[in-house]
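Right, one structure below, let's go through it.
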Amino acid sequence: MTFAQIILPLNLKGTFTYKVSEEFLSKIEVGMRVLVPFGGKKIYTGIVAEIHHNEPETFLPKDIHSLLDAEPIVPKQQLKFWNWLSEYYLCNIGEIYRFAFPSSLKLESETYLKRNPNEEINWEVLDANEIYLLQALEVKSLVSLSEIEAFIPKKEIVKTVKALIDEQLILIDEKIYEKYKAKEVAYLKIDENILGNLSEILQSLTKAKKQKDLFLTILEVQQTQNQPLRKSQFFENGVFNASHLRGLVEKNLVQEYYLQKDRIETYEGEIENLEKLSEVQEKALTEINEGFCEGKNVLLHGVTSSGKTHLYLEKIEETIANGKNVLFLLPEIALTKQIIQRLEKKYGKQLGFYHQKLTDFEKVEVWRKVKNNEIKILIGTRSSLFLPFQNLGLIIIDEEHDAAYKPREVKPFFNAKDAALVLANYYQAKAILGSATPSVESYYAAKNGKLKYVFLGERFGEVALPKYEIINFKEAQESKLSVGHFSQYLIDKISENLEHKKQTIILHNRRGYANVVECESCGHVTYCSNCDVVMTYHKSTNELKCHYCGHKAQKPKICPKCQSTNLNTRGIGIEQIEEETQKIFKEAQVERMDVDSMRKKFAYEKLYEKIESGEAEIVVGTQMISKGLDFDNIELVAIPKADALLYVQDFRAEERAYQLITQVSGRAGRNSGKGKIYIQTYNPYHPLFELIKEENSAKIYEHFLKEREQFLYPPFVKLVLIELKHRKEEKLQRASQFLSSVLQKYLPLPCILGPEKAPIGKINLLYQYQILLKLPRGKKYQEYKDYLLKSLEEFQEITAYKSIKIDTFVDF
DNA sequence: AGCACGCCGACT
DNA sequence: GTCGGCGTGCTC
């Protein structure tokens, strides 16, 4: 007897055992898709994870319904990768499968109903709904539940269907269909062999002038154009129509055939050659190669505009020349047009894109191409790690420090940067992590020899790096040399920059107009009704918005508590900075770039255009502004409230501030080398600002590492965050306490921090508690993680706590 | 995750 | 008195 372990797209532990019947025995392989029944009447598409002969003892396995693939669709390396993810990040493999596959590759099971032909209907005893349904089945033999909604009220459907099933008048028919059908396009061709008799052919067409003309047209195009002839092109001018073509096809003079159309338009322009590498880049390239030779992956630490892309292109080229493929990971696809354009020019059709914003059809298209090895370079976000690569040779993780590689809100949680390294290893491929501001973890790994450290310290073409200047805002205020949140000094500098017809960027990392609307008389502030956060005031829409659940409310005119009209705003948002900027620089064209202003369609494109053309003179923005805006005319970057970057309560706050400041600085003086950065702060002697000014990245990382070591944070310990959520706070608190006590049985006490209320105690009506684990690195780590898993299992044994939602974030 | 079964409040 | 809320249990 043969059995198979099947991965199902459900958030359930482990895999499921099914029996492999005789008919599939010789065909079934690990990595193929199968159709299996599950539960009452559900059918799922699963993935074969293992084939074996151990009959289960505690239950009777069901049969595999059918085999969907003739060859494995998930490569072995991917299955290994899934397993690693599920073990390392403590999530179910089914969740990984769900995330990894475009939904149309998972067959859909929709419940369809049909008449039971063996049962007579006694119409008299039926109610109206039942009669409608049966009549519908007379007309159409199969009706789906969703179709029934058209003629039976929603809440009565289940009742009606159930009654008829009980009477055995109807049956359930599981109709399964594959959603994805490749779109086909018609092409024409003329068999060149018949051309020996060309004169004869033309003779035979003398009576059909149009057909003759069409034939000659097709022939001409075919002989001049060395690619398939799209059928539709011959009808575009209106001279010919389908019947003319039909005549030719019937006479066997022209053949019609179909090709799958790619839904993704690919670039067909010129293919550009690489520029020559600079000396510094050559050296870096040698070092990368050395790293690869030592069997190490590389951390490429290259200051902004140092030409990291250039090196990537070199390695990509080389990999492809060796017959292997490349995965190029980006944190977000939207803000990185420039890099894509560059690769597009060079690689044209061998390039593919993949990210979660594609339609399902498009995703499957890319899937197919990757599988068939038609795509040599795949550019994509973290979801592209799951494509069925056949012979991956290189993975590049650009902007490796970017938090978008590990979004907390998407399940399953994993860090694409770390996952990429593991995946590369499974494919025996090499990886390059690239950034101008590497994450502290990667930097540490590089310094410890786990990664090869390659530093590119100067801008390409020896353009000077931007200079930093720190403005003591406290002093400026005290000597009354300030307007709003701008010191007179900064204002002068920006004015100068405007006079030189150079562009300015102002960074302020807080959305909205004001953080809080506060009553001056009683101190009342408006909280979100769903979340435990103060609502942010947005002046442009004149409303209060919750940035966590999106809840909106009117801005109060009087204090709801004490009826005072003395309401004031506190905490400056980007909208207020924009307003002030416009007020101070009346003549200047000021634009804002944040999530709220970029929401409209093509807002980004429009802004991009305005900056490129020079129409926008000052761009005020949140962290968004630090990405992708590579324009030569920007020379000044101002951060009027730099302190705000440090107020975040997070052990990575300083690291993030450093990265953000450095990234946004990189926008200035890319060409002229005259970029200036003004950091305006109340704490001009804050070590971080001083270090940034010194421009000694090694020293900065030393500083970070020292703090991390002292306060026991990564990379010196492994962090696991356990998040518990429930609608009832008391129950949640008790549960969290209990989980903590279970953990205490197995883990040393100092490892466990909490439970405590999460920084945002309630989001969307769910209360949140958390337990933070600081686990030692090395051998003990795995042992402790096994204990953690055991504890979580013990916790879930308690029926009363089954309704508590638990999420674990490993290395968050 | 989905889905069925089972026990307590607001309606014909 | 029923309909229907969601708490609990199970799925190879």
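Counting from 1 along the first sequence, just add 772 to a position and that's the residue number in the working numbering. Where is the CB? At the ideal position from N, CA and C, for every residue including glycine.
Limits of the alpha helix (DSSP H) - the one that residue i falls within
{"i": "residue 1216", "result": "1212-1219"}
{"i": "residue 1015", "result": "1014-1022"}
{"i": "residue 1140", "result": "1132-1143"}
{"i": "residue 1102", "result": "No alpha helix (DSSP H) contains residue 1102, which DSSP labels as neither H nor E."}
{"i": "residue 995", "result": "981-996"}
{"i": "residue 1567", "result": "1551-1569"}
{"i": "residue 860", "result": "848-860"}
{"i": "residue 1350", "result": "1346-1356"}
Terminal residues of the beta strand (DSSP E) in which residue i lies
{"i": "residue 816", "result": "814-824"}
{"i": "residue 1576", "result": "Counting along the chain, residue 1576 falls outside any beta strand (DSSP E), and DSSP gives it neither H nor E."}
{"i": "residue 966", "result": "Neither: residue 966 is in no beta strand (DSSP E) and is coded neither H nor E."}
{"i": "residue 1324", "result": "1324-1326"}
{"i": "residue 1528", "result": "1524-1535"}
{"i": "residue 1545", "result": "1538-1548"}
Straight-line Cα distance separating residue j from residue i
{"i": "residue 1192", "j": "residue 1127", "result": "15 Å"}
{"i": "residue 792", "j": "residue 800", "result": "8 Å"}
{"i": "residue 1410", "j": "residue 1383", "result": "17 Å"}
{"i": "residue 1056", "j": "residue 1086", "result": "11 Å"}
{"i": "residue 1565", "j": "residue 864", "result": "13 Å"}
{"i": "residue 1638", "j": "residue 1297", "result": "This structure gives no information on residue 1638, because the portion of the chain shown stretches from 773 to 1584."}
{"i": "residue 1280", "j": "residue 1362", "result": "14 Å"}
{"i": "residue 790", "j": "residue 846", "result": "19 Å"}
{"i": "residue 1322", "j": "residue 1202", "result": "42 Å"}
{"i": "residue 1533", "j": "residue 1419", "result": "18 Å"}
{"i": "residue 1556", "j": "residue 1294", "result": "50 Å"}
{"i": "residue 853", "j": "residue 1135", "result": "20 Å"}
{"i": "residue 1521", "j": "residue 1546", "result": "10 Å"}
{"i": "residue 1285", "j": "residue 1328", "result": "15 Å"}
{"i": "residue 1348", "j": "residue 1503", "result": "42 Å"}
{"i": "residue 862", "j": "residue 1104", "result": "25 Å"}
{"i": "residue 1580", "j": "residue 802", "result": "29 Å"}
{"i": "residue 776", "j": "residue 810", "result": "14 Å"}
{"i": "residue 1597", "j": "residue 1551", "result": "Coverage of the chain is limited to positions 773 through 1584, which leaves residue 1597 absent and any answer about it impossible."}
{"i": "residue 995", "j": "residue 989", "result": "10 Å"}
{"i": "residue 1558", "j": "residue 1146", "result": "42 Å"}
{"i": "residue 773", "j": "residue 1519", "result": "43 Å"}
{"i": "residue 1391", "j": "residue 1365", "result": "7 Å"}
Beta-bridge partners of residue i, as assigned by DSSP
{"i": "residue 1310", "result": "1315"}
{"i": "residue 835", "result": "791"}
{"i": "residue 1058", "result": "According to DSSP, which records beta bridges pairwise, residue 1058 is partnered with nothing at all."}
{"i": "residue 1207", "result": "1073"}
{"i": "residue 1030", "result": "958"}
{"i": "residue 805", "result": "819"}
{"i": "residue 1453", "result": "1244"}
{"i": "residue 1126", "result": "1152"}
{"i": "residue 1339", "result": "1291"}
{"i": "residue 1002", "result": "959"}
{"i": "residue 776", "result": "790, 823"}
{"i": "residue 1097", "result": "1164"}
{"i": "residue 869", "result": "Note: residue 869 sits in no beta bridge, so no partner."}
Residue i burial status per 10 Å Cβ neighbour count (16 or more: buried)
{"i": "residue 1307", "result": "buried"}
{"i": "residue 874", "result": "buried"}
{"i": "residue 1037", "result": "Caution is warranted here: a pLDDT of 46 is assigned to residue 1037, below 50, making its placement in the model unreliable, and the coordinate value is therefore given only provisionally. Its Cβ having fewer than 16 others within 10 Å, residue 1037 is exposed."}
{"i": "residue 957", "result": "exposed"}
{"i": "residue 1068", "result": "buried"}
{"i": "residue 902", "result": "buried"}
{"i": "residue 895", "result": "exposed"}
{"i": "residue 1429", "result": "buried"}
{"i": "residue 1030", "result": "exposed"}
{"i": "residue 1144", "result": "exposed"}
{"i": "residue 1042", "result": "With a pLDDT of 47 at residue 1042, under the threshold of 50, the predicted position of this residue should be treated as unreliable, though the coordinate-derived value follows. By the neighbour-count rule (16 or more Cβ atoms within 10 Å), residue 1042 is not buried but exposed."}
{"i": "residue 1582", "result": "buried"}
{"i": "residue 942", "result": "buried"}
Hey, which unbroken runs of the beta strand (DSSP E) at 3 residues or more fall wholly within the stretch 1215-1291? 1223-1228, 1239-1244, 1275-1279, 1286-1291
Quick check for students: name the residue ranges of the alpha helix (DSSP H) that lie wholly in the stretch 1362-1427, counting only runs of 4 or more. 1375-1385
List in chain order: all unbroken beta strand (DSSP E) runs of 3+ residues lying wholly within the stretch 1157-1198. 1164-1170
Quick check for students: name the residue ranges of the beta strand (DSSP E) that lie wholly in the stretch 871-913, counting only runs of 3 or more. 880-887
Within the stretch 1463-1509, ranges of the beta strand (DSSP E) (whole runs, at least 3 residues): 1489-1498
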